[in-house]
Amino acid sequence: MRKLVQCEHCEGTKQCRSQGGKSCDQCLLASGRRPKDWATVRCSFCGGKGRLWVEEEEPPAPEAAEPTPEAAEPSPAAEEI
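Counting from 3, one number per residue, gives the positions in the sequence shown under our numbering.
Written out as structure tokens, the structure reads:
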């Protein structure tokens, strides 16, 4: 199942400011700027939305109990009846 969560990279602000007010190199490159530019750009991890869809792991379904060998074989008392 998918779940909408806050972007950990921009902390939901929609803009990357991970390096003390300056955007990180990855977000700068994604926006077409050079890594040495001093700029604030939209977060490239969430696309400037502040939230991301993540796959939530579902708990495994309980498995059907396998019959024990005693239950699979008829008892000798049942054959006599």
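Idealized CB from N, CA, C, for every residue including glycine.
These numbers were taken from a predicted model, which means no experiment stands behind them.
Work out the CA separation of Gln-28 and Phe-47 for me, nearest whole Å. A straight line joining the alpha-carbon of Phe-47 with that of Gln-28 spans about 9 Å.
Which of the three DSSP states is assigned to Cys-18 in this structure? Cys-18: strand per DSSP, three-state reduction.
If we count the other Cβ atoms within 10 Å of its Cβ and call it buried at 16 or more, is Leu-30 buried or exposed? The residue is buried, with at least 16 neighbouring Cβ atoms inside 10 Å.
Residues bridged to Arg-35 by DSSP? Beta-bridge pairing links Arg-35 to no other residue.
By DSSP's criteria, Gln-8 is part of a beta bridge. Which residues make up the other side? DSSP lists Arg-53 as partners of Gln-8.
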